[in-house]
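This note's numbering numbers the first residue of the sequence shown as 16 and each following residue consecutively.
Below is one structure, written out as structure tokens, with a few remarks after it.
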Amino acid sequence: MKILCGILLFMGTAAFAQADKQANAETKNLYQHLQQLPAKGFLVGHQDDLAYGVNWKYKAGNSDVKAVCGDYPGLYGWDLGGIELPGGDKNLDGVPFKKMKQYIREGYERGGVITISWHARSPFGAEKGAWDTTHGTVTSILPGGVNHALYKEWLDKVAGFLQSLNGIPILFRPFHELTGNWFWWGRTACTPDEFKTLWRFTVYYLKEEKHLHNLLYVYNTSGETKRALVLERYPGDDMVDVISFDTYQYDDSFVKNVQQQLALLDSIVTEKGKIPALGETGYEAIPDASWWTKSLLPAIGNYKIAYVLLWRNHGYNEFMKKMHYYMPYPGQLSAEDFRVFYNDKKTLFERDAAELGLYKQ
Ligand code: BMA
16 MKILCGILLF MGTAAFAQAD KQANAETKNL YQHLQQLPAK GFLVGHQDDL
66 AYGVNWKYKA GNSDVKAVCG DYPGLYGWDL GGIELPGGDK NLDGVPFKKM
116 KQYIREGYER GGVITISWHA RSPFGAEKGA WDTTHGTVTS ILPGGVNHAL
166 YKEWLDKVAG FLQSLNGIPI LFRPFHELTG NWFWWGRTAC TPDEFKTLWR
216 FTVYYLKEEK HLHNLLYVYN TSGETKRALV LERYPGDDMV DVISFDTYQY
266 DDSFVKNVQQ QLALLDSIVT EKGKIPALGE TGYEAIPDAS WWTKSLLPAI
316 GNYKIAYVLL WRNHGYNEFM KKMHYYMPYP GQLSAEDFRV FYNDKKTLFE
366 RDAAELGLYK Q
């Protein structure tokens, strides 16, 4: 009986353990806080928030979120897509990596949390970038594959960037929307085993070969309602800290969809002891004056998540001939409602994050 209890206890603690046992103190503290946070509320995040917004670029201290509600987001999203290219000095959306580092430092120093995704270009798809679904790309970069040495060079560049942050904790979200069919690491472009190997190799390489100990690992599917789909490519409890999904609003089914997806996420994270999050969401150009309180808040409802990330405020997209942004800016249709959302006690922005001291014990 004692032995059985011991084994169960071990299994229990193993499930609740952080992926990187040697994570630095602040990363461990952040992990603990993010485990507790959902009971209080969720951090509200924004991609590229400090770099540009609707009608502005690279203005020190600027932020569309702050211009609307007086506070910075509690979470900052950045993307390393393009760092893998020869001489790649800016990301796929034009943000210079040098500036990105500075913005990451600023957000962190004020108490905000940082998450990083990576729209890595396919080694086979220069033109389509990350959106190339040639079958076999993943196998080509795995050990033994023709692009394996190249993939290690890419990881060296990613590691170089993450290392230069001097230990700032990062929620790293590689191979995002992995159950979708649009990226080269997606569901239709590789097998579950290939995906798992890709994930496990990547985490192993960053942790053991590059000695990175400031990362929490974020597993991110696209919005799914079937448990088997969410878990089919899951690389293992020892390789994941946060489980999340991305869902955007396109029609009236948004609230219902997110509720269903969160119900499933809730049961999975409870069983696995992982941190739940909404990896990306938004309604392009927010054409609904009360979207924040009448759609996003009800979509999350009473489900417990640690954070939600809204996508970037590009502004007018010349190529698509339409506005592309997900956070309001002063005068935007939903700005007033966003202030109500800001004042909701569950939404946590940067001042809340600073007060909570997420990097402290
Ligand atoms: C998409 C769009 C693109 C962008 C890509 C990566 O959702 O915002 O314009 O290049 O994300 O950030």
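For each residue, glycine too, the CB sits at the ideal point set by N, CA and C.
With a threshold of 16 other CB atoms inside 10 Å of the CB of glycine 159, please say whether the residue is buried or exposed.
That one is exposed.
Please classify methionine 335 as buried or exposed, where buried requires at least 16 other C-beta atoms within 10 Å of its C-beta.
So methionine 335 counts as exposed.
Aspartate 35 vs histidine 228 beta-carbon contact at 7 angstroms:
Their beta carbons are under 7 angstroms apart, which means aspartate 35 touches histidine 228 by this criterion.
What are the start and end residues of the beta strand (DSSP E) that includes leucine 293?
Secondary structure note for leucine 293: its beta strand (DSSP E) is the uninterrupted segment 290-297.
Distance, valine 80 Cα to tyrosine 67 Cα:
Computed Cα separation, rounded: 11 angstroms.
Return the bridge partner residues of histidine 339 from the DSSP annotation.
BP columns for histidine 339 point to Gly330.
DSSP beta-bridge partners of isoleucine 131:
Partner residues in the beta bridge of isoleucine 131, as assigned by DSSP, are Trp93, Phe187.
Given this structure, state the Cα-to-Cα distance separating asparagine 196 from glycine 60, to the nearest angstrom.
Going by C-alpha positions, asparagine 196 is about 25 angstroms away from glycine 60.
According to DSSP, is isoleucine 258 part of a helix, a strand, or is it coil?
Isoleucine 258: strand per DSSP, three-state reduction.
Mind reading off the beta-carbon distance from glutamate 41 to tyrosine 322? Whole number of angstroms is fine, and I expect it under 8 angstroms.
Between the beta-carbon of glutamate 41 and that of tyrosine 322 there is about 17 angstroms, and that puts the pair past the 8 angstroms contact cut.
Taking the runs of the alpha helix (DSSP H) that are 4 residues or longer, which of them lie wholly in the stretch 166-244?
If only uninterrupted alpha helix (DSSP H) runs of at least 4 residues are considered, those enclosed by the stretch 166-244 are 207-219.
Could you tell me if proline 184 is buried or exposed, where buried requires 16 or more neighbouring beta carbons within 10 angstroms of its beta carbon?
With 16 or more Cβ atoms within 10 Å of its Cβ, proline 184 is classed as buried.
For the beta strand (DSSP E) that histidine 150 lies in, which residues bound it at each end?
Element bounds for histidine 150: n/a, residue is neither H nor E.
Own chain residues within Cβ distance below 6 angstroms of proline 53, not counting five before or after
Within the same chain, proline 53 has close Cβ partners Lys319, Ile320, Ala321.
For a test of your reading of the model: does the CB of leucine 95 fall under 6 angstroms from any non-hydrogen atom of the ligand BMA? Yes or no.
Not so, every heavy atom of the ligand BMA lies at least 6 angstroms from the Cβ.
Member of Lys241, Val218, Gly316, Leu246 whose CA lies at the smallest distance from the CA of glutamine 33:
A check of alpha carbon separations from glutamine 33 across Lys241, Val218, Gly316, Leu246 identifies Val218 as the nearest.
Beta-carbon separation (whole angstroms), phenylalanine 139 vs threonine 152, contact threshold 8 angstroms:
At roughly 5 angstroms, the Cβ-Cβ gap stays under 8 angstroms, so phenylalanine 139 and threonine 152 are in contact.
Taking the beta carbon of glutamate 192 as the centre, do at least 16 other beta carbons fall within 10 Å, making it buried, or is it exposed?
Result: buried.
Assumed close pair serine 237, phenylalanine 260 - CB separation to whole angstroms, cut-off 8 angstroms
The pair is a contact, with the Cβ atoms about 6 angstroms apart (cut-off 8 angstroms).
Looking at the structure shown, is proline 101 part of a helix, part of a strand, or coil, going by DSSP?
In the structure shown, proline 101 sits in coil (DSSP, three-state: anything other than H, G, I, E or B).
So is tryptophan 307 in contact with chain D if we call contact Cβ pairs under 7 angstroms?
The displayed structure is made up of one protein chain only, and chain D is not part of it.
The ligand BMA heavy atom lying under 6 angstroms from the CB of aspartate 108:
Using a cutoff of 6 angstroms, the CB of aspartate 108 counts as near the ligand BMA, since one of the ligand's heavy atoms is closer than that.
Give the C-beta separation of threonine 405 and glutamine 264 to the nearest angstrom, bearing in mind that I take them to be a contact with Cβ-Cβ under 8 angstroms.
For the chain, the structure presents residues 16 to 376; residue 405 sits outside this window and is missing.
Buried/exposed call for threonine 296, threshold 16 Cβ in 10 Å
Threonine 296 is classed as buried because its beta carbon has at least 16 other beta carbons within 10 Å across all chains shown.
In the DSSP assignment, what are the bridge partners of glycine 60?
Its beta-bridge partners are Leu90, Leu324.
Got a sec: does the ligand BMA put a non-hydrogen atom nearer than 6 angstroms to the Cβ of histidine 191?
Taking the Cβ of histidine 191 as the reference point, every heavy atom of the ligand BMA lies at 6 angstroms or farther away.
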